[in-house]
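One structure is given here, and the rest of the page talks about it.
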Amino acid sequence: MMKLFTFSKSIDDKMAHKKDEKFEPFIEHVRKTKNYLEELIEKYGIEEILKNLFYEFKISDSYIETVYEIIKYHDIGKLTEEFQNGLKLGDISITHSDIGFYTISSLLVDKVLSKKLSNKEFVFLLLIATVVSRHHSFLSDISDIIFWNEEKEKYVRYILEFLETENDKDTIINMTKSVFGNLNMKKIKKVINIEFFLLYKLLNSLLITCDYLATMEFMKGVKFVPKIIDDYLKDIILNNISSSKINGNFNPYIDKKINKFRTMKKEEVFDLNTLRSVITAKIEEKFEKSKKNVFFIEVPTGGGKTNISLRLVRKLLEKKKKVFYVIPYVNIIEQSFDYFSKFIPGEYITRYDHKYIDIADDENKEKSYTQTLFLNFPFVFTTHVGFFDMFFRKGKSDNFNFYQIANSVIILDEVQAYNPKFWNTLSNIFYYLSKYLNTTIIIMSATLPDFTKFIEKENFVENLTPDVVDHKLFERASYVFLDKDIEEKILEEVNKSKKTLVVVNTVKESYRMYENLKSKIDGEVYILNSTLLYVRKRELIDYIKKYNKEKPLVLVSTQSIEAGVDLDFDVGFRAFSLLDSIIQTMGRVNRNARLKSAKLYLFDDGNWKRIYKSDEREKILEENFSKFKSGKLKLNEFYSLTIEKLKKKLNAFTLDYLDYFKDLKFKNIDKELKLIDGDTFSLFIPLEIPLSKLNNIKKLLLEYNLISDKDKVLQGKKVWNVYMDNDFSYVENRLFSKIFSLFVVSLYNYRTEGKSIKEILKDEMNEEFYFAEDFEKYYSYKDGLNVEKFLELKSSREYDFL
Numbered sequence: 005m006m007k008l009f010t011f012s013k014s015i016d017d018k019m020a021h022k023k024d025e026k027f028e029p030f031i032e033h034v035r036k037t038k039n040y041l042e043e044l045i046e047k048y049g050i051e052e053i054l055k056n057l058f059y060e061f062k063i064s065d066s067y068i069e070t071v072y073e074i075i076k077y078h079d080i081g082k083l084t085e086e087f088q089n090g091l092k093l094g095d096i097s098i099t100h101s102d103i104g105f106y107t108i109s110s111l112l113v114d115k116v117l118s119k120k121l122s123n124k125e126f127v128f129l130l131l132i133a134t135v136v137s138r139h140h141s142f143l144s145d146i147s148d149i150i151f152w153n154e155e156k157e158k159y160v161r162y163i164l165e166f167l168e169t170e171n172d173k174d175t176i177i178n179m180t181k182s183v184f185g186n187l188n189m190k191k192i193k194k195v196i197n198i199e200f201f202l203l204y205k206l207l208n209s210l211l212i213t214c215d216y217l218a219t220m221e222f223m224k225g226v227k228f229v230p231k232i233i234d235d236y237l238k239d240i241i242l243n244n245i246s247s248s249k250i251n252g253n254f255n256p257y258i259d260k261k262i263n264k265f266r267t268m269k270k271e272e273v274f275d276l277n278t279l280r281s282v283i284t285a286k287i288e289e290k291f292e293k294s295k296k297n298v299f300f301i302e303v304p305t306g307g308g309k310t311n312i313s314l315r316l317v318r319k320l321l322e323k324k325k326k327v328f329y330v331i332p333y334v335n336i337i338e339q340s341f342d343y344f345s346k347f348i349p350g351e352y353i354t355r356y357d358h359k360y361i362d363i364a365d366d367e368n369k370e371k372s373y374t375q376t377l378f379l380n381f382p383f384v385f386t387t388h389v390g391f392f393d394m395f396f397r398k399g400k401s402d403n404f405n406f407y408q409i410a411n412s413v414i415i416l417d418e419v420q421a422y423n424p425k426f427w428n429t430l431s432n433i434f435y436y437l438s439k440y441l442n443t444t445i446i447i448m449s450a451t452l453p454d455f456t457k458f459i460e461k462e463n464f465v466e467n468l469t470p471d472v473v474d475h476k477l478f479e480r481a482s483y484v485f486l487d488k489d490i491e492e493k494i495l496e497e498v499n500k501s502k503k504t505l506v507v508v509n510t511v512k513e514s515y516r517m518y519e520n521l522k523s524k525i526d527g528e529v530y531i532l533n534s535t536l537l538y539v540r541k542r543e544l545i546d547y548i549k550k551y552n553k554e555k556p557l558v559l560v561s562t563q564s565i566e567a568g569v570d571l572d573f574d575v576g577f578r579a580f581s582l583l584d585s586i587i588q589t590m591g592r593v594n595r596n597a598r599l600k601s602a603k604l605y606l607f608d609d610g611n612w613k614r615i616y617k618s619d620e621r622e623k624i625l626e627e628n629f630s631k632f633k634s635g636k637l638k639l640n641e642f643y644s645l646t647i648e649k650l651k652k653k654l655n656a657f658t659l660d661y662l663d664y665f666k667d668l669k670f671k672n673i674d675k676e677l678k679l680i681d682g683d684t685f686s687l688f689i690p691l692e693i694p695l696s697k698l699n700n701i702k703k704l705l706l707e708y709n710l711i712s713d714k715d716k717v718l719q720g721k722k723v724w725n726v727y728m729d730n731d732f733s734y735v736e737n738r739l740f741s742k743i744f745s746l747f748v749v750s751l752y753n754y755r756t757e758g759k760s761i762k763e764i765l766k767d768e769m770n771e772e773f774y775f776a777e778d779f780e781k782y783y784s785y786k787d788g789l790n791v792e793k794f795l796e797l798k799s800s801r802e803y804d805f806l
């Protein structure tokens, strides 16, 4: 092993942190960092991964210990007199991250001078050492970091006096300056590539996590114990999956007849429950035989994807450390999370989204928050955006948990929600994760053919989709394209059906349709879109699910109803849109095959071309729309044609985005890779929410003085005032944001009178939020936002200012 840090002078009087009047010795912080580093590496099996990556670069794995040293001594820049004096006085005016990097660079140059490092090994380790310079800030492009700062040279000289070197200090410094002067991107590009991106993110993640945990242990007295899938948890999960005592668990039945289900043919299946069992059994059989690490499953809506994923996880418990279950939107996480929670004890599973609060009864908020910040649960349910921020965002908090992907399972549900222009990039990322981080990736969709075929790569994906998925039992609804008046047809069908679904493309249109139908239908009419508060959405979905009255029920919705919302309607209407959305809506009609036949009526509202114009699929739809509408092109044919044409179109995007990863261009990655597009903004609606709907967070509300023991409602105005009046700590802010989000809704950035609504309201907005003080003029808890009234009111008022 090549040792970098050997001290020739005592540093016992050097400190790393201060809390009140107590100091933490520098060497103690090194020790704590080392302990956390060793624990994370051991628990997540990271050393083997590092060895494989070093082998890829033809770098001896003996240098892994050198990298560990760099992480342990990341705060070496704190040894300067200026930092030490500032720490004692409580007024630190000097940086330490960059000085630490320059010091480590000098120590590496010393090894080159002594012939203990080759030029290639030196550049490799130097690039890795740049993580030290960014450990208190966001990731920056390599080209922005590799330079020598003359102003900081004196501090490096000072620190080097405490360290043993094999060469004269002046010689080392002069050579280091020369090295930086001659190091350019051409030389750097000989080392970096996508594999280096993975290595860099992995080491950055370990460094900032271990530093945070070590610092927290001193500052807060909180010791962090990483939780992974261990033998104890594995036994609980296996027992629960096999238990007939768990409500709604049909896995014992599947296990009992598994061999029969595996051999059954389509023509031998006559009911939906048997079909789900057959699909599950056949997928599992292919999975057991496969030697691959990336899997694709296409199962129609209602085919039991969530339970299939649970059973596949059961097969992986022996060798995997963690499970990430990734879903497109917050509003559909709850269903899958609740299902898995039947089998996994609460302390081992969490939802990582801004709507979920799981710490209301925990007295140690700091400790509990840390568990969530560092995803310290073996099972994590999160959104696509939340999960892929670990890859694409450059912020420090986004990069904490990247190391946890090593030796773990990622389940990606409803991947058709991604912008297609990134499918190639994502497919490549899956390839590299599976190859180098030993990550098992299970990609699931109700509509999308295997999108990992979009890349010209070796056959690294196992398609587990069984041939029985095209069973006629999944043809629960057929589609008809309407030419006649849409509302007239809705009224006609409502008289024959108990539950009717109407899906349109915009919030504005959903409200208009809702108001029209409400005045004409003798029954219950509801609306579901992005302007409803989360509490209302949850309440409405539960109500519709249990609805059993004689009068008809009609739900008018936007795409909020699609992908994962477990509701079943007798008839449906869908404004034409992307084919994925049409298929998803079809999955809400006769979902449980209660009816012999059901229909989804399609209609052209004239909006889809404008709404989806930035999506690569729109042009393809437009070119073939007339054939589809006339019946010359069936839906499945239209979909296959769209995918084939899209595949040809997307080839142009692959290299551009992959080059950002190869060149470690973190700024470009952060700016350009947005998986789910949307020009939206947030409104804060200060209405009152009954506390009966918020039982799980009453204690937290009392802590923030938002309610008293006598209150029956939570006032939005009070929540807003607390938000405006407080400069919360990081922990407090994350907790409070979960309460805050109860009153936040999303709205598309409509244009009116030649301006976007965000432009009109910009002087009244607080960051990204608009405080809707006059909400009663255009908003109600039950119906959400009347967009036309809102736009009319705000745009006319804007001209009053002139």
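In our numbering, each residue's number is its place in the sequence shown (first place is 1) plus 4.
Using N, Cα and C, we set each Cβ at its ideal position, and we do this for glycine too.
None of these values were measured; they are calculated from a predicted model.
Point to revise | Collapsed DSSP secondary structure at LYS759 in the structure displayed | key: strand
**Study point:** 7 angstroms CB neighbourhood of LYS269 in its chain, flanking five on each side removed
**Key:** none
Review point. For the beta strand (DSSP E) that ILE63 lies in, which residues bound it at each end?
Key: Boundaries cannot be given for ILE63, as no beta strand (DSSP E) includes it and DSSP labels it neither H nor E.
**Study point:** Pick from ILE545, ALA481, SER248 that is closest to MET590, judged by C-alpha positions
**Key:** ALA481
Check your understanding: Do the CB positions of GLY527 and VAL498 come within less than 8 angstroms of each other?
Key -> yes
Practice item. Pair every Cβ in the stretch 52-72 with every Cβ in the stretch 225-244, then say whether three or more of these pairs are closer than 8 angstroms. Key: Too few Cβ pairs lie closer than 8 angstroms, so no.
Point to revise | Meets three-Cβ-pair contact criterion under 8 angstroms: the stretch 667-682 and the stretch 155-171 | key: no
**Study point:** Residues bridged to VAL575 [DSSP beta-bridge criterion]
**Key:** THR504
Practice item. Please go through the same chain and pick out, in chain order, the residues whose beta-carbon is closer than 8 angstroms to the beta-carbon of HIS475, but skip the five residues on each side of it. Key: LYS270, VAL273, LEU279
Check your understanding: CA-CA distance, LEU211 and LYS324?
Key -> 23 angstroms
Review point. Of all Cβ atoms in chain B, is any one closer than 8 angstroms to the Cβ of THR180?
Key: The structure shown contains no chain B; it holds only a single protein chain.
Review point. Taking the C-alpha atoms as reference points, what is the distance between PHE166 and ASP79?
Key: Looking at the backbone, the Cα of PHE166 and that of ASP79 are separated by about 14 angstroms.
**Study point:** Per-residue burial, LEU8 [other beta carbons within 10 Å of its own, 16 or more giving buried]
**Key:** Under the 10 Å beta carbon count, LEU8 is surrounded by 16 or more other beta carbons and is classified as buried.
**Study point:** Exposure label - MET728; buried when at least 16 CB within 10 Å
**Key:** exposed
Check your understanding: How about the stretch 684-691 and the stretch 741-756: do they share at least three Cβ pairs that are nearer than 8 angstroms?
Key -> yes
Check your understanding: In the DSSP assignment, what are the bridge partners of GLU28?
Key -> HIS21
Check your understanding: Do the stretch 436-453 and the stretch 301-317 touch if we need at least three Cβ pairs shorter than 8 angstroms?
Key -> yes
Check your understanding: Going by C-alpha distance, which of ARG397, TYR407, GLY350, THR387 is nearest PHE378?
Key -> Taking only the C-alpha atoms, the option nearest PHE378 is TYR407.
Point to revise | Nearest neighbour of ASN700, chosen from ILE433, THR386, LYS742, PHE61 [CA to CA] | key: Closest option to ASN700, Cα to Cα, is LYS742.
Point to revise | Test item: CB-CB of LEU131 and ILE146 under 8 angstroms | key: yes
Practice item. Mark MET189 as exposed unless 16 or more other C-beta atoms lie within 10 angstroms of its C-beta, in which case mark it buried. Key: exposed
Review point. Where does the unbroken beta strand (DSSP E) through GLN719 begin, and where does it stop?
Key: 717-719
Point to revise | Residue range of the beta strand (DSSP E) that includes TYR774 | key: For TYR774, the enclosing beta strand (DSSP E) covers residues 773-775.
Point to revise | Sequence-distant residues of the same chain with beta carbon closer than 8 angstroms to GLU28, five excluded per side | key: The answer, listed in chain order, is MET19, ALA20, HIS21, LYS22, PHE222.
Practice item. Please state if the CB of ASN171 and the CB of LEU117 are separated by a distance shorter than 8 angstroms. Key: yes
Point to revise | Sequence ranges, beta strand (DSSP E) only - wholly within the stretch 597-656, length at least 3 | key: Fully enclosed beta strand (DSSP E) runs of 3 or longer: 603-607.
Review point. Smallest Cα separation from LYS47: which of HIS139, LEU557, PRO230?
Key: PRO230
Review point. By Cβ distance, which residues of its chain are closer than 7 angstroms to LEU797, with the 5 residues on each side in sequence left out?
Key: LYS781, TYR782
Exercise for review: Tell me whether SER482 sits in a helix, a strand or coil according to DSSP, three-state version.
Suggested key: It is a strand residue.
Practice item. For ASP365, I'd like the list of residues in its chain whose CB is within less than 7 angstroms of its CB, leaving aside the five on either flank, ordered along the chain. Key: Because the pLDDT of ASP365 is 42, which lies under 50, any placement of that residue in the model is unreliable, and the number read from its coordinates should be weighed accordingly. Only residues of its own chain outside the window of five on either side were considered, and among them LYS703 have a CB closer than 7 angstroms to the CB of ASP365, listed in chain order.
Review point. Can you tell which of LEU718, ILE50, GLU69, LYS649 has its C-alpha closest to the C-alpha of PRO424?
Key: LYS649
Point to revise | ASP417 to GLY390 span [Cα, whole Å] | key: 14 angstroms
Practice item. With distances taken Cα to Cα, identify the nearest neighbour of PHE265 among THR284, ASN153, ARG755. Key: THR284
Check your understanding: Mind checking ILE363: buried by the 16 CB within 10 Å criterion, or exposed?
Key -> Confidence at ILE363 is low in this model, with a pLDDT of 49, below 50, so the placement of that residue is unreliable and no value is reported for it.
Exercise for review: Would you identify the three-state DSSP class for GLU796, choosing helix, strand or coil?
Suggested key: In this structure, GLU796 counts as helix in the three-state DSSP scheme.
Point to revise | Three-state secondary structure assigned by DSSP to GLU322 | key: coil
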